[in-house]
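Protein chains in written order, with this note's numbering: chain A, 1 to 306; chain B, 1 to 308; chain C, 1 to 399.
Glycine is no exception: its CB is placed at the ideal position from the N, C-alpha and C atoms.
One structure is given below, encoded as structure tokens.
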Amino acid sequence: MANKRNRTAGLVLAAAVLGILVWRPTVLIYGLQAAGLYASIAIPMGLILGIVHIVNLAHGEFMMAASYLTYTICRASGMDPYLALLPVAAVTAAFGFLVYRLTIRRALKAPELNQLILTFGLAILLTQAANLLFTSQTRKLSFEYVSASVDIGDLSFGVYNFVFVAIAVAMVVGLRLFLTRTKAGKAALAVGQNPRGAAIVGIDVDRAYALTFALASAMVGLMGAVFITRSSIFPAVGSPFTMKSFCLIAMAGIGNIPGILASSVLLGVSENFLKAFRGTREWADIVFFVLIISVILGRSIRGKKA
Amino acid sequence: MKRTATYAAAAIAAVVLAVLPAFLGAYPLNVARSVMTYMALAVSWDMLLRSGQISFGIAGLFGLGSYASALLVLRAGMDPVLSLVFATLLTGAIAYALGFAVLRLRAMYFSITTLALAEIFRIVLHNLHDFSGGPEGVVLPGVIFGGAAPALYWLCLAGLAITLGTSWYFERSKLHLALTAIRNDETSARASGVDIFKYLLVAFTVTSTLQGMMGAIQVQSYGFTTPETAFDANFTLLPLAMALLGGIHSTLGPIAGAVLLGIASEWLKLKIPYGHLVVYGIIIVLVILLMPRGLVGLARNRRAGRRA
Amino acid sequence: MKRTLVALALIAAAAMAFGQGTIKIGATWPLADITGKQGSMAAQQAVDEINKAGGILGRQLELIVIDDELKADKGAAAIEKLVTVDNVDVIIGGMASGVALGQVPAMKKYGKVVVSTGAASYKVEEALGKDADWYFHLHPWDYNQGASYVQGWDEIQKKFPNIKIKKIFLAYEEGAFGKASWDATKTLFGAGNRYVIDGASFKSAALGGGDYGAMLEAAKMFKPDLFLWAGYDADALPMLEQAKAMKFSPGIYLGAPPGWPVGFGTSRLSENVMLYGMWAPSINNVSPVSKKFYDGFVAKFKAEPATYFAPLSYSAVYIVADAIKRAGSTDTAALIKALEATKYESPLGQTITFTPGNIIKHQGVKNQKILQWQMGRQEVIWPFESATAKPVYPFPKWK
Numbered sequence: 001m002a003n004k005r006n007r008t009a010g011l012v013l014a015a016a017v018l019g020i021l022v023w024r025p026t027v028l029i030y031g032l033q034a035a036g037l038y039a040s041i042a043i044p045m046g047l048i049l050g051i052v053h054i055v056n057l058a059h060g061e062f063m064m065a066a067s068y069l070t071y072t073i074c075r076a077s078g079m080d081p082y083l084a085l086l087p088v089a090a091v092t093a094a095f096g097f098l099v100y101r102l103t104i105r106r107a108l109k110a111p112e113l114n115q116l117i118l119t120f121g122l123a124i125l126l127t128q129a130a131n132l133l134f135t136s137q138t139r140k141l142s143f144e145y146v147s148a149s150v151d152i153g154d155l156s157f158g159v160y161n162f163v164f165v166a167i168a169v170a171m172v173v174g175l176r177l178f179l180t181r182t183k184a185g186k187a188a189l190a191v192g193q194n195p196r197g198a199a200i201v202g203i204d205v206d207r208a209y210a211l212t213f214a215l216a217s218a219m220v221g222l223m224g225a226v227f228i229t230r231s232s233i234f235p236a237v238g239s240p241f242t243m244k245s246f247c248l249i250a251m252a253g254i255g256n257i258p259g260i261l262a263s264s265v266l267l268g269v270s271e272n273f274l275k276a277f278r279g280t281r282e283w284a285d286i287v288f289f290v291l292i293i294s295v296i297l298g299r300s301i302r303g304k305k306a
Numbered sequence: 001m002k003r004t005a006t007y008a009a010a011a012i013a014a015v016v017l018a019v020l021p022a023f024l025g026a027y028p029l030n031v032a033r034s035v036m037t038y039m040a041l042a043v044s045w046d047m048l049l050r051s052g053q054i055s056f057g058i059a060g061l062f063g064l065g066s067y068a069s070a071l072l073v074l075r076a077g078m079d080p081v082l083s084l085v086f087a088t089l090l091t092g093a094i095a096y097a098l099g100f101a102v103l104r105l106r107a108m109y110f111s112i113t114t115l116a117l118a119e120i121f122r123i124v125l126h127n128l129h130d131f132s133g134g135p136e137g138v139v140l141p142g143v144i145f146g147g148a149a150p151a152l153y154w155l156c157l158a159g160l161a162i163t164l165g166t167s168w169y170f171e172r173s174k175l176h177l178a179l180t181a182i183r184n185d186e187t188s189a190r191a192s193g194v195d196i197f198k199y200l201l202v203a204f205t206v207t208s209t210l211q212g213m214m215g216a217i218q219v220q221s222y223g224f225t226t227p228e229t230a231f232d233a234n235f236t237l238l239p240l241a242m243a244l245l246g247g248i249h250s251t252l253g254p255i256a257g258a259v260l261l262g263i264a265s266e267w268l269k270l271k272i273p274y275g276h277l278v279v280y281g282i283i284i285v286l287v288i289l290l291m292p293r294g295l296v297g298l299a300r301n302r303r304a305g306r307r308a
Numbered sequence: 001m002k003r004t005l006v007a008l009a010l011i012a013a014a015a016m017a018f019g020q021g022t023i024k025i026g027a028t029w030p031l032a033d034i035t036g037k038q039g040s041m042a043a044q045q046a047v048d049e050i051n052k053a054g055g056i057l058g059r060q061l062e063l064i065v066i067d068d069e070l071k072a073d074k075g076a077a078a079i080e081k082l083v084t085v086d087n088v089d090v091i092i093g094g095m096a097s098g099v100a101l102g103q104v105p106a107m108k109k110y111g112k113v114v115v116s117t118g119a120a121s122y123k124v125e126e127a128l129g130k131d132a133d134w135y136f137h138l139h140p141w142d143y144n145q146g147a148s149y150v151q152g153w154d155e156i157q158k159k160f161p162n163i164k165i166k167k168i169f170l171a172y173e174e175g176a177f178g179k180a181s182w183d184a185t186k187t188l189f190g191a192g193n194r195y196v197i198d199g200a201s202f203k204s205a206a207l208g209g210g211d212y213g214a215m216l217e218a219a220k221m222f223k224p225d226l227f228l229w230a231g232y233d234a235d236a237l238p239m240l241e242q243a244k245a246m247k248f249s250p251g252i253y254l255g256a257p258p259g260w261p262v263g264f265g266t267s268r269l270s271e272n273v274m275l276y277g278m279w280a281p282s283i284n285n286v287s288p289v290s291k292k293f294y295d296g297f298v299a300k301f302k303a304e305p306a307t308y309f310a311p312l313s314y315s316a317v318y319i320v321a322d323a324i325k326r327a328g329s330t331d332t333a334a335l336i337k338a339l340e341a342t343k344y345e346s347p348l349g350q351t352i353t354f355t356p357g358n359i360i361k362h363q364g365v366k367n368q369k370i371l372q373w374q375m376g377r378q379e380v381i382w383p384f385e386s387a388t389a390k391p392v393y394p395f396p397k398w399k
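Dropping the structure here:
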């Protein structure tokens, strides 16, 4: 019964996708590209939320800081951001570890709201420090490959942004392997599901948290390096992504990392669907929030019935 | 005995606050208004928090109250003072209706949904160009009470007094017991016959109404608003920070936090024109780390320490 | 106790005597934003220059700057403080219209002379009303800018017959700035059916957006002669990169952000992009005042002025100082009279005078300039009297 319903839903979805592809191919192209960006920024935040159970309001600011670091390195050395990616990720991992050790860890025993406001304070601190160092004037590194393009008939479109889809998929697969195949990953997963139980069976909870924080920060750092190839950076560039990521994670359900990818695709494609038409273009923003509320409420109603 | 002392202290504080305009100039009164607005938002947010529900929707209700009041004056020609009342009630009615849906949710899912609702309000008002003025906002014919600094101060003080009064009533009524029971253990509260949904709905509606009221007061005191001003995320985040720095689950805590952060932000700005917000961020981080239970918690610990 | 009181009284008396010695100029800007930060720095530069040359009426100038934090309530509180606590003689500054709207009621209450460097929205003019004779608005209103572009393109097409514009596409960011540009473009360029106008909104990267695909798709289908985008500096390069990827190359590619990213001219994509603006370092070639301002700014702050808010704020101080000198006092009525007679040769490459706006009596700059990025520099194309280069047309096709 449930199987049949799933198949019908799948068929309807496939038909819808095919229809859009023929009618407005760009909706799918730009929708997927946007989804890749959303997901690859949200996944590290989802990792922290799923295992350490902290909403890191400074998530976008971590990425912003990584972008500025990349910018500084690349400007000084003429290096490509893709080469600077590993050193930047290493620095942000260390930074994330330090932030965890110096601040987050001390607030873990306090009510969860303390952790929230603590990261809010960190977010202000990082943004304003960047503003003092770099001013609010935006910066961007410009590369030829960003304008890589494909022609299909009359249609020309940019393909570079598909790199974010690749990164997001790599993150999901990599995390899955890490969390299920490695000892440290298994420990982190156990801690995420039940910290007390994990402690009882001898897992070092604090170490698992610190590791998760460092790993997520490394992923954010990597994203920060790639982000600057696509976007201009300025001190407040990260904060909108914090909220978007938070919403995507809630939509997927906490701890559901592949779900973040799915909800990103849903949102990216629906946003670009509305953007494709004159009358609905300005309402593209609202679809994000309407979908989130519908999914969360729908899940709660179904949960009550089950 | 202790209760009498509290009442006496509250009465003295009220009298002092009410006569302040006789001694202070327009500038301190303006800063006081800003502190009082954030204070009322922080206290109202804390009132719902006492049930364990963390709302991220303060800015949404604040903005809704702002726009309701402004549009009632502009589109319906209502008297500004009357519009405050209607805008407040309207926000309450909307919150009541939404409560049936959002109060099914708990923990982070409740928070996210209130945040998303706030964004939806903002986008709707941003896009209804002809009705709401669109992204450029609305300008009222004038500021309420002709913009007289003492009158604006008293108006804001009245809003704060209503909020504090409600909060104190909440703390002393049987509502408090019910909300605390829900926060501590919802399942056993339900088992012992507490009508959880009813109490949550009352708390959510009342606190939303208060937030809408402060928004209406704000818009009439400045004579204009835009979607980005009325729904500024700071109206959500700063009251949270203030309540936390002062100490949550009380009326006194958010009051202390609002005074601390409100005055610190204005003072720092004058002392360090370029980069004061860095210090502001540091203050928030340090207070959370050094005083996890807020100023009120710190004072309580002190007192307990002295007794021991 | 008594001695402390005496000491305090002495200090107070000394402070008052000192305070009377200076002419106080109060100012508000968003200091965390590059516009306000450099605006306040340029204003201080002007104050220092004037003081070094002996001050005004034998008195030194003193600039008191308060951060408006881009917030209406903070901006209003700053005005209250400047007037009632610091007792300033004149108020200058301002950037965002949203802050100005919050400040107008306080300004009206005191009626102090205000020389505003910001606030482009006509809503601010409506809020001021026609009786605000103490308000001198340097920055052009949104409708001034629109009208000036219509005039500019008319004159350019007349002088350079190879440039022909019929279809205009406006890409505008969703916020107040973009919406105002769209409204002004529709009414001003749409009048008399001389142009065909279309447009699409986009979410600026400055506000968390940065996807231009759908908007550029609409632009490309329209095949405009003039493509104009109204957004922020964060949009400049990513939009060009995406336009290139989509092989969208209109006859004229023109941007109207308040400022440009660091090193935009060093990107190869920038070549022959046109822009609207009020000032560029190239004006140094045609205006000695601009050169003096520019050299002074770079020497003092070791940075290049990044937006026109720096020369505009610099101008505000000179205009105020000059008027006080001619009025012989800081008395409001006398100062308004003196300001009305202002004729200031500004670093913007034009002489600033005050003439009536749609509502207010004292509107300063009314026109914008049309510029073009050539060899990494912003060159002025129009108005022709301050032109530094000829337009390169059309915008090159992408390779």
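Between the beta-carbon of L89(B) and that of S69(B) there is about 11 Å, and that puts the pair past the 8 Å contact cut. When rounded, the separation of the alpha-carbon atoms in F227(C) and K244(C) is 14 Å. For the pair F395(C) and S204(C), the CB atoms are not nearer than the 7 Å cut-off.
Against chain B, a Cβ distance below 7 Å from S121(C) picks out E136.
For S167(B), the closest alpha carbon among the candidates Q211(B), D195(B), G281(B), E119(B) is that of Q211(B). Excluding five sequence positions before and after E155(C), none of the CB atoms of its chain fall closer than 6 Å to its own CB. Inside the region 25-102 of chain C, DSSP marks whole alpha helix (DSSP H) runs of 4 or more residues at positions 34-52, 72-80, from first to last along the chain. K186(A) carries a helical assignment under DSSP once its states are collapsed to helix, strand and coil. The three-state reading of DSSP puts V392(C) in coil, since its state is none of H, G, I, E or B. Taking C-alpha positions only, G78(A) is separated from L72(B) by approximately 59 Å. C-alpha of Y172(C) to C-alpha of A188(A): approximately 47 Å in a straight line. Per the C-alpha coordinates, the member of G247(B), A87(B), F204(B), V31(B) positioned closest to L113(A) is G247(B).
Under a 10 Å Cβ-count criterion, A333(C) is classified as exposed, with fewer than 16 other Cβ atoms of the shown protein chains found around its own Cβ. Per DSSP, D198(C) is one residue of the beta strand (DSSP E) stretching across 196-202. From the beta-carbon of K271(B), no residue of chain C is found nearer than 7 Å; the closest lies around 11 Å away. At the C-beta level, S287(C) and G364(C) stay beyond 7 Å of one another.
Taking 7 Å as the CB threshold, Q137(A) stays off the interface with chain B. Nearest CB-CB separation between N30(B) and chain A: not below the 7 Å threshold.
Among the CB atoms of chain B, none fall inside 7 Å of the CB of E271(A).
Between the alpha carbons of W154(B) and D204(A) lies a distance of about 57 Å. Among the residues of the region 278-304 of chain C, none has a Cβ less than 7 Å away from any Cβ of chain A. Cα atoms of T185(C) and G102(C): separation of roughly 27 Å, rounded to the nearest angstrom. The three-state reading of DSSP puts T307(C) in strand, counting E and B together.
Residues of the region 29-50 of chain C with a C-beta less than 9 Å from any C-beta of chain B: L31, A32, K37, S40, listed in chain order. Scanning its chain for C-beta atoms nearer than 7 Å, with the 5 sequence neighbours on each side dropped, one finds around F189(C) the residues V150, I168, Y195, I197, in chain order.
With contact defined as three or more Cβ pairs closer than 8 Å, the region 19-39 of chain C and the region 61-75 of chain C are in contact. Per DSSP, the unbroken beta strand (DSSP E) holding G255(C) starts and ends at 252-255. By the Cβ rule, the region 268-282 of chain C counts as touching the region 377-391 of chain C, because three or more pairs are nearer than 8 Å. Here S173(B) is exposed: its Cβ has fewer than 16 other Cβ atoms, across all protein chains shown, within 10 Å. Out of R268(C), A78(C), D235(C), the CA that lies nearest to the CA of G94(C) is found in A78(C). Non-local C-beta neighbours of G253(B) in its own chain, meaning closer than 6 Å and more than five positions away in sequence, comprise G246, G247, G294, V296, ordered along the chain. Within chain A, the residues K140, V146, R230, S231, S232 have their CB atoms less than 9 Å from the CB of P238(C), given in chain order.
Not a single C-beta of chain C is nearer than 7 Å to the C-beta of F62(B). Every unbroken stretch of the alpha helix (DSSP H) spanning 4 or more residues and falling wholly within the region 111-191 of chain C is given here in chain order: 122-128, 142-159, 176-190.
Judged by beta-carbon spacing, K24(C) lies beyond the 7 Å limit of V85(C), meaning their Cβ atoms are not closer than that value.
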